[in-house]
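Asker:
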Amino acid sequence: MLIKTILSIASILFSLMMIYITLINYKREILNKSDYFIWNTVWIGIIFISIRPNIVDEYFNSNFKIDIFYILSIISIITLVILYYTNLIKIKILEKKINTIIRAESLKDILTKIKK
Amino acid sequence: MKDEILIAILTFNEQDRISDVLKEVSKSFKNILVVDNNSTDNTVENVNSYSVSLVKHRYNLGKSDSMKTALEFAKINNFEYVAYMDGDGQHKVQDLINISEKIVNNKSDLVIGYRKELNNLNLQKKIGTIILQNLFSFIYKKKIYDIQSGLRIIKLSIEDKIYWKSTGSKHYFADAEITCNAVKNKCIIDQVPIETHASEKYKGMHILQGIYLCLMIIIWRFF
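Protein chains in written order, with my numbering: chain A, 1 to 116; chain B, 117 to 339.
1. Taking 8 Å as the cut-off, does the region 93 to 112 of chain A touch the region 122 to 142 of chain B (at least 3 CB pairs, one atom from each stretch)?
2. Going by CA-CA distance only, name the one from A:P53, A:M18 and A:K33 that's closest to V42 of chain A.
3. Since K223 of chain B meets chain E, which of its residues come closer than 9 Å, beta carbon to beta carbon?
4. Tell me whether the region 246 to 266 of chain B and the region 295 to 305 of chain B touch, counting them as touching only if at least three CB pairs, one residue from each stretch, are closer than 8 Å.
5. Measure the C-alpha to C-alpha separation of I47 of chain A and S73 of chain A and round it to an integer number of angstroms.
6. For a quick check, are the C-beta atoms of V163 of chain B and D152 of chain B less than 8 Å apart?
7. Would you mind listing the beta strand (DSSP E) stretches within the region 201 to 253 of chain B that are 3+ residues and don't spill past its ends, in chain order?
8. Determine the contact status of V299 of chain B and K258 of chain B, defining contact as a CB-CB distance below 8 Å.
9. For S356 of chain B and E188 of chain B, what's the separation of their Cα atoms in angstroms?
10. Flag this pair as touching only if the region 211 to 226 of chain B and the region 132 to 139 of chain B have three or more C-beta atom pairs under 8 Å; answer yes or no.
11. Would you call K92 of chain A buried or exposed, if buried means 16 or more other Cβ atoms sit within 10 Å of its Cβ?
12. Taking only runs that begin and end inside the region 52 to 81 of chain A, name each unbroken alpha helix (DSSP H) of 4 or more residues, in chain order.
13. Less than 8 Å separating the beta-carbons of C330 of chain B and L248 of chain B?
14. Less than 8 Å between CB atoms is the rule here; does D184 of chain B satisfy it with respect to chain A?
15. Less than 8 Å between CB atoms is the rule here; does L107 of chain A satisfy it with respect to chain B?
16. Kindly say whether I110 of chain A, judged by its beta-carbon, lies nearer than 8 Å to any beta-carbon of chain B.
17. Run through chain A and tell me which residues come within less than 9 Å of S169 of chain B, C-beta to C-beta.
18. Which of the three DSSP states is assigned to V75 of chain B in this structure?
19. Give me the residue from A:I38, A:D35, A:F69 and A:S50 with the minimum Cα distance to A10 of chain A.
20. Do you know whose CA, among B:R337, B:Y328 and B:W280, lies nearest K179 of chain B's CA?
21. Determine which residues of the region 264 to 292 of chain B have a Cβ less than 8 Å from any Cβ of chain A, and write them out in chain order.
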């Protein structure tokens, strides 16, 4: 019971911190309105599950006869892989764009000099 | 012959050696391009004291993108061949002349300079090179002595066949990918023995990069 309480408190504190970080990123205009809404929903959802884990547990047990932790672990892994993959692709695209711009810019300089 | 060849010298913090390299190369070739990867020392100042073209990247993009910049420059200026050499002075100009003559006389698509002997390498690098050679021969059914050699000359008309996608500033896969693409697409490849001075700066690949390169050699063959 003590471990469950500690885990719940840690989870709530973590979510509150993430809500604050999300707010900062929103104010810096790194996140747009829809990002801000989606991420806050995620963190508030985690706080809700942390406060009353039994509700979710009972719901899944009575309706689907499955353990909530089983579902959560699968969903977490899938989510992590999807996030990792999309981030990787975005970084690759950005890297490619930046490299192309830098190379084009440096070539433009030398070609202008040659023309002169 | 030499009018149609662009010599691309790739540099990153080579202030101690670049002057000697340029002095030697400019005796034999007149179209020289230095691609600098945002050196933080006096490399650019030293290069500017010679009458060569200089392209300076604003950030260090790595060897692969420097090679692409040189290729682009060669295309814009209608050169027929582009020869690559490292700016650290490890390659000899006579070898550059040899590979240039070879590509023109033999009408080859790609000429690679390979180290005649591996004696100046330490045991780990020697074993790594032998493994790479054998893996390459097995996968591509062709004997290439030094798939990663930095001294090479390419005919611009085969650009589409050898175009490389390796990128990043922490590894040297572009040369290997070019070789793999050239063999895969049945380009005419010649190899010329060369001598190299051991560079103090170049530490080679570590073992994980070596394993990664082996994997990439297999991937480039089939995809």
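Where is the CB? At the ideal position from N, CA and C, for every residue including glycine.
For clarity, every value in this text was computed on a predicted model and none was experimentally measured.
Answerer: Let me lay it out:
1. no
2. Translated into the one-based positions of the first sequence, residue 42 of chain A becomes position 42. Ranking the options by Cα distance to V42 of chain A, first place goes to A:M18.
3. The chain inventory of the structure shown lacks chain E, comprising the protein chains A and B.
4. yes
5. For this step, residue 47 of chain A is matched to residue 47 along the first sequence. For this step, residue 73 of chain A is matched to residue 73 along the first sequence. Rounded to the nearest angstrom, the two C-alpha atoms are 17 Å apart.
6. Indexing the second sequence from 1 puts residue 163 of chain B at position 47. Indexing the second sequence from 1 puts residue 152 of chain B at position 36. It is a contact, given that the beta carbons lie within the stated cut-off.
7. 226 to 231
8. Along the second sequence, read from residue 1 onward, the residue named residue 299 of chain B stands at position 183. Along the second sequence, read from residue 1 onward, the residue named residue 258 of chain B stands at position 142. Cβ atoms of V299 of chain B and K258 of chain B: closer than 8 Å.
9. Nothing about residue 356 of chain B can be read from this structure; chain B reaches only from 117 to 339.
10. no
11. What you label residue 92 of chain A is simply residue 92 of the first sequence in a count that begins at 1. Flag for K92 of chain A reads exposed.
12. 53 to 64
13. In the second sequence, residue 330 of chain B corresponds to position 214, counting from 1. In the second sequence, residue 248 of chain B corresponds to position 132, counting from 1. Contact: yes.
14. Indexing the second sequence from 1 puts residue 184 of chain B at position 68. At residue 184 of chain B the sequence reads Lys, which differs from the Asp that was named. Yes, its Cβ sits closer than 8 Å to a Cβ of chain A.
15. Position 107 of the first sequence, counted from the start, is the residue given in the question as residue 107 of chain A. Answer yes: the Cβ-Cβ gap between L107 of chain A and chain B drops below 8 Å somewhere.
16. By one-based count along the first sequence, residue 110 of chain A stands at place 110. Yes, because at least one Cβ of chain B sits closer than 8 Å to the Cβ of I110 of chain A.
17. Counting from one through the second sequence, the residue named residue 169 of chain B turns up at place 53. Within 9 Å Cβ-Cβ: I110, K113 and I114.
18. What is shown of chain B runs 117 to 339, which leaves residue 75 of chain B out entirely.
19. Here residue 10 of chain A is taken as the residue at index 10 of the first sequence, counted from 1. Minimum Cα distance to A10 of chain A is reached at A:S50.
20. Numbered from 1 along the second sequence, position 63 holds the residue referred to as residue 179 of chain B. Out of B:R337, B:Y328 and B:W280, B:W280 has the C-alpha closest to the C-alpha of K179 of chain B.
21. T283
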